[in-house]
Amino acid sequence: MNRSSEWGWWGFGTLVVVFMTTPLILVVLFSFGESALTNFPMGGITGKWYDELFANREFWKAFRNSLTIAGVVVVVSTGIGTMAALTLARMRPTLSQPLLIALCLPVMMPPLVIAIALLVYYVRWVGVELSLFTVILGHLLVTQPFVILIVYARMATFNYELIDSARDLGANSWITFLTVTLPIIRSTVIGAALIALAVSLDEFLITFFTISGGNTLPTFVFGKIRTEMDPTINAIATILLVLTVSSTIIAMKVSRYRA
Amino acid sequence: MRELIKSWKTVPSLAVLAGLFVAPLSLLFVVSFWSKKLFRVVPDFVFDGYQKALVSYWDVGLNTLAIAISTGIITTTIAFFFAFFIRFKAGRYGDILLFISLVTLFGGYLVKIYAWKSILGLEGILNTALIGLGIVSEPLGALLYNRGSVATALTHFLLPIAVLPIVASMRNIQDITLEAGRDLGAGPVRILLGVVLPQCRAGIIAAFAFSFLIAAGDYITPLFLGGTDGAMIGMFIASQFSIRFDWPLGSAMAFLTMFSCLTVVLIARLAIVRGRK
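Chains as they are written, first to last, in the working numbering: chain A, 10 to 268; chain B, 60 to 336.
Written as structure tokens, this is what we have:
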């Protein structure tokens, strides 16, 4: 009986893993398939969907926009998020806990609500022209909670005596941060930055409502799914998947080594 | 006080929160009481938006809650058993399984929806497979554009999010508690429901809250996979801002939806905590 229940558990676990991964694997598989339909038989192996995609100027524009947004977002979000997390970690819990929850509220809110609220705010109150800049602001809001949570969690096991010794030896707070704190938590900060990168690259709703003209990779994919089920979607989807999944994997590898 | 002065480093983050979250949401709340005159939205204090939302969209609202609640329950249930498998049964493979869930978490929101559209479509992968295996003779149209297809895609998207908090809360359960239960003669079902379940309530509540709230607020999944049957409120909220420009109505719908969702989460929390007795 014990043995059969073991088999049952493994069968269930395998099913769940298959359910989670198959749709993504199929997309990658079909991006290399000869057939124009996303279906079996997929025909021979080909790179023609990628060739077609790379010849599309709209794709390159979207790609460049995505990288511009993500680049700025990662730097700023990691910077301000790390600063906030380091400070929160040294506060009294009665003060830091409410602040931490407040800072993380944006990821618990439906992205659609944030998207329409930002749209109305930009257009009606601030009077700012919608552009990549307004998208970057929205992305900062939804990426900084991840940075703050990851760095804050790391600081729970941080040895603060090291900072005190540095200060006793005469280093000011900047020197202490650059030569003591940052080298110790570097891998965590890199991990947090990569998670912010993955979130920004994959963000759709806030981008869609606050970009006005132009595309990022996700809004480009959205336009394609909406108009035609064109096989180059598989190729873009694969590129997007490789970008977000590889940054997640590297993030976890990097931060696990020290954790 | 000294602590507050030293905490200037949290100011940039808090400024982002205040300027890009608190202020916009407050404005949206104010706008929900404005009125729409012909093609213009003007400041006012009326309940037109709320009235219109309740009269014209109550059925979509209920459909949204039905889809989101069933998605939340299915996702949380699968996540609970999967988390149990990862923590207690999978041994050294547990970490790899957790790693796979984490990787799929950040892998392409739109990509997943697109993948389900290709799998479930009339000429999709599942239909071709079923015909190929001789199980059906004609493609099943019922696979796509209904509540089921929306719930399936949402469950797929939300499963990793639900697994994480439950695994985290199971970390605190010692193996020895399970052995004690077994020694005292409890069967596997009794151990699962009587020993493990009560100790990871916090994780289960978080998993349900996350998956339910995200499902209720989603609009791209029903837009591409829902048809008329699987229509959800997010689609109609979005269209008030993108095509119809009835901001008061859209904002009122958004706040009514958030309010109903919070009520559901509080009831679910109460039910799970009460289950202790």
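Idealized CB from N, CA, C, for every residue including glycine.
Computed from a prediction, not measured in an experiment: that's the story for all the values here.
Give the C-beta separation of residue i and residue j to the nearest angstrom, bearing in mind that I take them to be a contact with Cβ-Cβ under 8 angstroms.
| i | j | result |
| --- | --- | --- |
| B:W292 | B:T134 | The amino acid at residue 292 of chain B is misidentified as Trp; the sequence shows Ile. The pair is not a contact, with the Cβ atoms about 19 angstroms apart (cut-off 8 angstroms). |
| B:E237 | B:F147 | Inspection of the sequence shows that residue 237 of chain B is occupied by Leu rather than by Glu. Sure, about 7 angstroms apart at Cβ, within 8 angstroms. |
| B:N205 | B:G286 | 6 angstroms |
| B:G262 | B:P224 | 4 angstroms |
| A:V160 | A:A202 | About 10 angstroms separates the two Cβ atoms, so there is no contact after all. |
| B:L169 | B:G200 | The Cβ separation is near 24 angstroms, so there is no contact. |
| B:V255 | B:F143 | 6 angstroms |
| A:F229 | A:F63 | Actually they are not in contact, since the Cβ atoms of A:F229 and A:F63 sit about 14 angstroms apart, beyond 8 angstroms. |
Which word fits residue i, buried or exposed, when buried means at least 16 other C-beta atoms lie within 10 angstroms of its C-beta?
| i | result |
| --- | --- |
| A:E212 | buried |
| B:K171 | buried |
| B:V90 | buried |
| A:P102 | exposed |
| A:R267 | Any reading at A:R267 needs caution, since the residue's pLDDT is 41, under 50, leaving its predicted position unreliable; the model's value is listed next. Exposed is the call here. |
| A:M29 | buried |
| A:Q106 | exposed |
| A:S264 | buried |
| A:W134 | exposed |
| B:D277 | buried |
| A:A165 | exposed |
| B:W93 | buried |
| A:M10 | Annotation note: pLDDT 48 at A:M10 (below 50); position unreliable, no value reported. |
| B:I235 | exposed |
| A:R163 | buried |
| A:G52 | exposed |
| A:I234 | buried |
By the DSSP assignment, the alpha helix (DSSP H) with residue i in it spans what residues?
| i | result |
| --- | --- |
| B:R99 | From DSSP, B:R99 is part of no alpha helix (DSSP H) but of the beta strand (DSSP E) over 99-101. |
| B:P224 | 206-229 |
| A:P102 | 102-117 |
| A:Y161 | 141-164 |
| A:A71 | 66-98 |
| B:L169 | 168-179 |
| B:Y109 | 107-143 |
| A:E170 | 170-177 |
| B:G246 | Counting along the chain, B:G246 falls outside any alpha helix (DSSP H), and DSSP gives it neither H nor E. |
| B:F88 | 82-90 |
| B:Q299 | 292-301 |
| A:N181 | Run containing A:N181: none; DSSP gives neither H nor E here. |
| B:F147 | No alpha helix (DSSP H) contains B:F147, which DSSP labels as neither H nor E. |
| B:C320 | 306-333 |
| B:A261 | 260-276 |
| A:R235 | 226-236 |
| A:R133 | Note, A:R133: premise wrong, no alpha helix (DSSP H); not H, not E. |
| B:T280 | 279-284 |
| A:D211 | 191-211 |
| B:G191 | 184-191 |
| A:P240 | First-last for A:P240: undefined, no H or E at that position. |
| A:F218 | 214-219 |
| B:D288 | Premise fails: B:D288 is in no alpha helix (DSSP H) and is neither H nor E. |
| B:P71 | 70-76 |
| B:F158 | 153-164 |
Of the choices the options, whose alpha-carbon is the least far from that of residue i?
| i | options | result |
| --- | --- | --- |
| A:A244 | A:P192, A:L114, A:P227, A:A260 | A:P227 |
| B:V119 | B:A313, B:I155, B:L86 | B:A313 |
| B:S85 | A:L146, A:L128, A:S44, A:V82 | A:L128 |
| A:L210 | B:V255, B:F165, B:D154, B:G253 | B:F165 |
| A:V254 | A:I204, A:S13, A:L108, A:V122 | A:I204 |
| B:L329 | B:A265, B:I273, B:T130 | B:A265 |
| B:A125 | B:L256, B:F88, B:A275, B:L251 | B:A275 |
| B:T69 | A:P50, A:R99, A:W69, A:M118 | A:R99 |
| B:V66 | A:M92, A:T23, A:V25 | With the sequence shown as reference, residue 66 of chain B is identified as Ser, and Val is not the correct amino acid for it. Ranking A:M92, A:T23, A:V25 by Cα distance to B:S66 puts A:M92 first. |
| B:L251 | B:F141, B:L79, B:D103 | B:F141 |
| A:G80 | A:F39, A:E67, A:L141 | A:L141 |
| B:C320 | B:F283, B:L272, B:G207 | B:L272 |
| B:G27 | B:G309, B:A127, B:F143, B:A227 | No statement about residue 27 of chain B is possible, as the shown extent of chain B runs from 60 to 336 and does not include it. |
| A:F218 | A:T143, A:I258, A:L76 | A:T143 |
| A:M261 | B:S160, B:L76, B:Y116 | B:S160 |
| B:T214 | B:M317, B:L113, B:S129 | B:S129 |
| A:P120 | A:T96, A:T152, A:L97 | A:T152 |
| B:K96 | B:E197, B:W306, B:L87 | B:W306 |
| B:D154 | B:I302, B:P247, B:A227, B:F300 | B:A227 |
| A:G22 | B:F269, B:G193, B:I137, B:A297 | B:I137 |
| B:A174 | A:F39, A:L104, A:G17 | A:F39 |
The beta strand (DSSP E) that contains residue i, what's its start and end?
| i | result |
| --- | --- |
| B:S94 | 94-96 |
Opposite residue i in the DSSP bridges: which residues?
| i | result |
| --- | --- |
| A:G42 | A:I54 |
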